[in-house]
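Data block below; observations after.
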Amino acid sequence: MVGPIEFILAGMLVGFCVGITGVGGGSLMTPILISLFRIEPHIAIGTDLLYAAITKFCGSMVHAKKLNIVWPIVLWLALGSIPASFLTHWLADLYLSQSTYYKVVLTTVLGFMLTLTGISIIFRPQIEKFFQRFQRHEQVQPGSAFQLTPRRKLHIIIMGVILGIFVTLSSVGAGAFGIMALILMFPNLPMIRIIGSDVVHAVLLTAAAGLAHMSSGNVDFHLLGWLLVGSIPTIIIGTLISSRLPEQIIRRVLGVTLLLLGINFIVSPLKSKAPAKVETVLQLQSALAGKIVNQNS
Numbered sequence: 051m052v053g054p055i056e057f058i059l060a061g062m063l064v065g066f067c068v069g070i071t072g073v074g075g076g077s078l079m080t081p082i083l084i085s086l087f088r089i090e091p092h093i094a095i096g097t098d099l100l101y102a103a104i105t106k107f108c109g110s111m112v113h114a115k116k117l118n119i120v121w122p123i124v125l126w127l128a129l130g131s132i133p134a135s136f137l138t139h140w141l142a143d144l145y146l147s148q149s150t151y152y153k154v155v156l157t158t159v160l161g162f163m164l165t166l167t168g169i170s171i172i173f174r175p176q177i178e179k180f181f182q183r184f185q186r187h188e189q190v191q192p193g194s195a196f197q198l199t200p201r202r203k204l205h206i207i208i209m210g211v212i213l214g215i216f217v218t219l220s221s222v223g224a225g226a227f228g229i230m231a232l233i234l235m236f237p238n239l240p241m242i243r244i245i246g247s248d249v250v251h252a253v254l255l256t257a258a259a260g261l262a263h264m265s266s267g268n269v270d271f272h273l274l275g276w277l278l279v280g281s282i283p284t285i286i287i288g289t290l291i292s293s294r295l296p297e298q299i300i301r302r303v304l305g306v307t308l309l310l311l312g313i314n315f316i317v318s319p320l321k322s323k324a325p326a327k328v329e330t331v332l333q334l335q336s337a338l339a340g341k342i343v344n345q346n347s
């Protein structure tokens, strides 16, 4: 029987990974809830989205205080991601929530996003080295003016739409893929400003997607509370001792773990069981109708 202690321990594990590596929130919490605790995928995703919004909010405050946020990027990303998030949830809730393929769709998308996240973590040095080829010498410093061309705005909105769709369906991708996209589009931005902008946008997106799931009853607030109780202290502890631990080794272990989990979800997605009670009722109704027809004849 899974209880509060197990949920607190899960929160502590995920919080510690987030504190040390800066990744692993949504990408690690959702698979744990589904695979270990047998939480329904839509409940795990909805709960984890609000969990991510709350835990990332503290980090966003730090970045805002240090002027690490490029607000035009955040706003144009949100302009694409938040409407896409609401629309994606509405369509999924309307056309898939009552379907036997609902779990298959959610866990397959989750597996796809986990696989990409694992690859991006494992090969992060190679990816960063590749993007360094596009970097320019000029740097946009904190507090300085930042201008976006209409073409860049369109690209940011499209990236926001993509993030909004996949994050809403899987709770994964707001951090890792947001950062990679911003590095590719803005190679002249300092990494700290890319991270700060991505964190703030992740707060907005996960909060919007989490509220959308909450409107459909896909959030377990008791579960959310216990996860936060375990994770918030260990996020602080992990952040404080991160410089003393082998981050590269931990990142690689985390990346391999996410990659294997992702492949597992893709190969063997969870499937909804046929509602036995409904089938029984339909069978009884058919039998009763047959008897009535025989009697009348």
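Residue numbers (this note's numbering): 51 to 347.
In this text, a Cβ means the ideal position worked out from N, Cα and C, and glycines have one as well.
For clarity, every value in this text was computed on a predicted model and none was experimentally measured.
(request) List in chain order: all unbroken alpha helix (DSSP H) runs of 4+ residues lying wholly within the region 206 to 269. (result) 226 to 235, 241 to 265
(message) One question on the structure: do Leu127 and Gly210 come within less than 8 Å of each other, judged by their Cβ atoms?
(response) Within the sequence shown, the letter at position 77 stands for residue 127. Within the sequence shown, the letter at position 160 stands for residue 210. For Leu127 and Gly210, yes; Cβs fall inside 8 Å.
(request) Along the alpha helix (DSSP H) that carries Val68, what are the first and last residues, could you check? (result) Counting from 1 along the sequence shown, the entry for residue 68 is found at position 18. Residues 54 to 71.
(message) In this structure, how does DSSP classify Leu117 when only helix, strand and coil are distinguished?
(response) Residue mapping note: residue 117 aligns to position 67 of the sequence shown, counting from 1. Three-state result, Leu117: coil.
(message) My output table needs one value for Glu90: the three-state DSSP class, helix, strand or coil.
(response) The count along the sequence shown starts at 1 and reaches residue 90 at position 40. In the structure shown, Glu90 sits in coil (DSSP, three-state: anything other than H, G, I, E or B).
(message) Quick check: the region 90 to 104 against the region 112 to 123, are at least 3 beta-carbon pairs closer than 8 Å?
(response) no
(message) With three or more beta-carbon pairs closer than 8 Å as the criterion, would you say the region 128 to 135 touches the region 270 to 285?
(response) No, the region 128 to 135 does not touch the region 270 to 285.
(request) If I'm right that His113 touches Gly246 with Cβ under 8 Å, what's the distance once you round it to whole angstroms? (result) Indexing the sequence shown from 1 puts residue 113 at position 63. Indexing the sequence shown from 1 puts residue 246 at position 196. Indeed, because the Cβ distance is near 3 Å, the residues count as touching under 8 Å.
(request) Starting from Ser77, follow the alpha helix (DSSP H) in both directions and report where the run begins and ends. (result) To locate residue 77, count along the sequence shown from 1; it is residue 27. 75 to 85 is the extent of the alpha helix (DSSP H) around Ser77.
(request) Below 8 Å on the Cβ atoms is my guess for Phe315 versus Thr158; work out the distance and round it to an integer in Å. (result) For the purposes of this step, residue 315 is taken as the residue at position 265 of the sequence shown. For the purposes of this step, residue 158 is taken as the residue at position 108 of the sequence shown. Confirmed, Cβ separation roughly 7 Å.
(request) Measuring alpha carbon to alpha carbon, tell me which of Gly260, Leu125, Met79 ends up nearest Gln197. (result) Mapped onto the sequence shown, residue 197 falls at position 147. When only C-alpha atoms are compared, the closest one is Leu125.
(message) Using the three-state DSSP reduction, which class does Pro122 fall into: helix, strand or coil?
(response) As a position in the sequence shown, residue 122 is number 72, starting the count at 1. Residue state, collapsed to three classes: helix.
(message) With distance defined between alpha-carbon atoms, name the residue in Asn238, Leu213, Leu273 nearest to Gly53.
(response) Within the sequence shown, the letter at position 3 stands for residue 53. Of Asn238, Leu213, Leu273, the residue nearest in Cα terms is Leu273.
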